[in-house]
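In my numbering, the protein residues as written are 6 to 478.
From the three backbone atoms N, C-alpha and C, an ideal C-beta is built for every residue, glycine too.
1. Spatial neighbours of residue 308 within its chain, please: CB distance less than 6 Å, with the 5 preceding and 5 following residues excluded, ordered by chain position.
2. By how many angstroms is the C-alpha of residue 374 removed from the C-alpha of residue 262?
3. Among the residues of its own chain, which have a CB less than 6 Å from the CB of residue 241, if the five just before and after it don't count?
4. Taking the continuous alpha helix (DSSP H) assigned at residue 473, which residues delimit it?
5. With burial defined as no fewer than 16 other Cβ atoms inside 10 Å of the residue's Cβ, what is the status of residue 221: buried or exposed?
6. Assign residue 123 to buried or exposed, taking buried as 16 or more other Cβ atoms, counted over all protein chains shown, within 10 Å of its Cβ.
7. Straight-line CA distance for residue 346 to residue 405?
8. Using only CA atoms, which one of 247, 186 and 195 lies nearest to residue 75?
9. What would DSSP say about residue 278, mapped onto helix, strand or coil?
10. Is residue 103 closer than 9 Å to residue 476 when the C-beta atoms are compared?
11. What is the residue span of the alpha helix (DSSP H) that residue 103 lies within?
12. Could you tell me whether the region 77 to 87 touches the region 371 to 391, where touching means 3 or more Cβ pairs closer than 8 Å?
13. Roughly how many angstroms separate the alpha carbons of residue 394 and residue 387, rounded to a whole number?
14. Can you tell which of 412, 71, 415 and 420 has its C-alpha closest to the C-alpha of residue 401?
15. Counting pairs of Cβ atoms below 8 Å between the region 140 to 153 and the region 87 to 96, do you hit three or more?
16. Count the C-beta pairs between the region 355 to 366 and the region 276 to 293 that are closer than 8 Å, then say yes if the count reaches three, no if not.
17. Can you name, in chain order, every residue of its own chain whose Cβ lies under 7 Å from the Cβ of residue 140, other than the five neighbours on each side?
18. Between the alpha carbons of residue 65 and residue 467, how many angstroms are there, rounded?
19. Going straight from the alpha carbon of residue 235 to that of residue 199, what length do you get?
20. Please state whether DSSP places residue 335 in a helix, a strand or coil.
21. Report the rounded CA-to-CA distance for residue 342 versus residue 303, giving the unit in angstroms.
22. Taking the straight line between their C-alpha atoms, what separation do you get for residue 344 and residue 270?
23. Quick check: what's the CA-CA separation for residue 188 versus residue 62?
24. Quick one: what's residue 446 bridged to in DSSP?
25. Starting from residue 115, trace the beta strand (DSSP E) in both directions and tell me its first and last residue.
26. Under a three-way DSSP split, which group does residue 289 fall into?
27. What does the alpha-carbon distance come out to for the pair residue 25 and residue 453?
28. Within this structure, are the beta carbons of residue 142 and residue 244 separated by less than 9 Å?
29. Compare the beta carbon distance of residue 457 and residue 51 with 9 Å and say whether it is the shorter of the two.
30. Would you kindly report the start and end of the unbroken alpha helix (DSSP H) that includes residue 97?
31. With a cut-off of 8 Å on the beta carbons, I'd call residue 156 and residue 165 a contact; round off their distance for me.
32. DSSP beta-bridge partners for residue 350?
33. Just curious, the alpha helix (DSSP H) that residue 269 is in, first and last residue?
34. Determine the DSSP secondary structure at residue 419, reduced to helix, strand or coil.
35. What residue from 443, 356 and 249 has the CA that sits closest to residue 471's CA?
36. Residue 153 and residue 455 look like a contact to me (Cβ under 8 Å); what is the Cβ gap, rounded to whole Å?
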């Protein structure tokens, strides 16, 4: 009887032990699965952090290079900084790597995107905007009304009441656009036109932007990014008081003859004539590209701003840039135009120095930036400014063949087919400097290959460089 009870107890204990082992095994298995998942998530989180900071490292490298060239400019090499940025566009850190690229004109380039390679929407006229593919007159009118300071709608435009009547929670800024994304708020502007395939506006070809109809947006799986208007227009480029030499531009309205001579290499007579012209109403230095200095300076003779050598006459001259023009020679000078009459025309090198180093007014604050002729997109020149395609191809090929780029607008006149009649209207839009860049840095972790992207828009015209926008798509 006792042995039977003992065997029953032993059997019960065995069942309990088996159940305990099973439960413990289930718990251990669950803990293992949970731990594995946490480890995977931890590795993914670690990889994301490593990729993000690798991307940030690339941004810091680009900013450091920009600041170096701002402190140490080379006025004889317009491409020094651009090439330096390209050379350091990829690299590694201890736990990851970064790669910085951008698309322009259907091609992928190393380095950050130069915002001055595109036309600033805040500077374009009605006719220039109408040249853009897909830009309709009513859209142009709405854009102009968005950026102008008044509340009066233009003929085909719309103002605040239009947006209010449609229940929209915003109204026109009545000031300059701050981004291309803001352009989509304007009446009649659709994202399909503004950004096309570049749906996140990062300037790079992402996988969902090159897979046909599989994922949004709709695109052609051809390995080429079609960015729409965002590929030729910008609102980020900014002007600066800095000249290519690194010095603040010389204000001709207040500069002395000696200062002008030291900065530009002009003679005293030429400097006086230039100062006299700069003080005339509506003076623009770009006019030197098409009109001789002696002719321009005659507009100030009545003010007596230049010398007092009346009664002298100067001889005609021909500029070294191949342009001919009548000076005040052959005429009897009156009222103090003698010094200007003997100034003579400036050659291309002198015009280039004047355009690079001088201004006709005091720089107050940054405004919309000019296009850099050394990085400008061919599509911008052909489509926005309606230039002859053959001339554009010649300009780009000659520009790219120069190791130091075009160091002044005057150098553009040396390009076959380029004339003063073609360049003069464009000159107000063009320059040889770039100050604002968009850095799209993609970081990759060595652990899992995970990637992270950082987009930073930087203005290098001040030290330290200013970050205008920061985004992680």
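So, to answer that:
1. Low per-residue confidence applies at residue 308: pLDDT is 44, beneath 50, and the placement is therefore not dependable enough to give any value.
2. CA-to-CA, the gap between residue 262 and residue 374 works out to about 29 Å.
3. 120, 441 and 462, listed in sequence order.
4. Taken as a continuous stretch (DSSP letters only), residue 473 belongs to no alpha helix (DSSP H), being part of the beta strand (DSSP E) at 471 to 476.
5. Residue 221 is classed as exposed because its beta carbon has fewer than 16 other beta carbons within 10 Å across all chains shown.
6. Buried: at least 16 other Cβ atoms inside 10 Å.
7. Note on residue 346: pLDDT 39, under 50, position unreliable in the model; the coordinate value appears next. Going by the C-alpha atoms only, they are around 39 Å apart.
8. Comparing Cα-Cα distances from residue 75 to each of 247, 186 and 195, the minimum goes to 247.
9. Helix.
10. In this structure, residue 476 lies away from residue 103, with their beta-carbon atoms at least 9 Å apart.
11. Where residue 103 is concerned, there is no enclosing alpha helix (DSSP H), although the beta strand (DSSP E) it sits in stretches over 101 to 109.
12. Enough Cβ pairs lie closer than 8 Å, so yes.
13. Distance between the alpha carbons of residue 394 and residue 387: 6 Å.
14. Sorting 412, 71, 415 and 420 by C-alpha distance to the C-alpha of residue 401 places 420 at the top.
15. Put simply, the region 140 to 153 does not touch the region 87 to 96. Fewer than three CB pairs are less than 8 Å apart.
16. In the pairwise beta carbon analysis, the region 355 to 366 is classified as touching the region 276 to 293: at least three pairs are separated by under 8 Å.
17. Around residue 140: 134.
18. In this structure, the straight-line span from the alpha carbon of residue 65 to that of residue 467 is close to 16 Å.
19. Cα-Cα distance, rounded: 6 Å.
20. Only weak support is given to the placement of residue 335: the predicted model assigns it a pLDDT of 34, under 50, and the value that follows is read from those uncertain coordinates. It is coil, neither helix nor strand.
21. Its pLDDT being 33, under 50, residue 342 is placed unreliably by the model, and nothing is read from it.
22. In this predicted model, residue 344 has a pLDDT of only 37, less than 50, meaning its place in the structure is not dependable enough to derive any value.
23. C-alpha separation (whole angstroms): 31 Å.
24. As computed with DSSP, residue 446 is found in a beta bridge with 105 and 459.
25. Residues 112 to 115.
26. Residue 289 carries a coil assignment under DSSP once its states are collapsed to helix, strand and coil.
27. Between residue 25 and residue 453, the C-alpha separation is close to 39 Å.
28. If you check the CB distance, residue 142 and residue 244 do not come in under 9 Å.
29. Annotated as distal: residue 457 and residue 51, with beta-carbon spacing of 9 Å or more.
30. No alpha helix (DSSP H) holds residue 97; the beta strand (DSSP E) holding it covers 95 to 97.
31. Taking a contact as a CB-CB distance under 8 Å, the pair residue 156 and residue 165 counts as one, their CB atoms being some 6 Å apart.
32. In DSSP, residue 350 forms no bridge with anything.
33. It spans 262 to 269 - the alpha helix (DSSP H) in which residue 269 sits, taken as one unbroken run.
34. Helix, per DSSP.
35. Comparing Cα-Cα distances from residue 471 to each of 443, 356 and 249, the minimum goes to 443.
36. Actually they do not touch by this definition, with Cβ atoms about 47 Å apart.
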